[in-house]
Amino acid sequence: MINASAIVGANVRAELDRLEIPRLTLAAKLGLSKTAIYDRLRGHLNWDIDELVIISEWLDVPLDQLLKGL
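In this note's numbering, the protein residues as written are 242 to 311.
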């Protein structure tokens, strides 16, 4: 069974790393706690579509890039 949240988390982490953006900056952008963002990035919590749209626009990457591999 595919863990979609883990795949999306890996894609978001890759973009953050590429742009050298700290995870806590993403947490602040989404209004989430450190724990909540780390749990999403590890695939332990599901992403909300609104969060993914915000990330996509903020990082200037297509939404399908964040969903790659699903």
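Virtual Cβ for every residue (Gly too), placed ideally from N, Cα, C. This one's a predicted model, so the numbers in the text were calculated from it and none came from an experiment.
Collapsing the DSSP output to three states places residue 283 in coil. Taking the CA atoms as reference points, residue 303 sits about 6 Å from residue 297. Remark: C-beta atoms of residue 288 and residue 270 do not approach each other more closely than 8 Å.
Residue 275 is positioned such that its CB atom lies no closer than 8 Å to that of residue 282.
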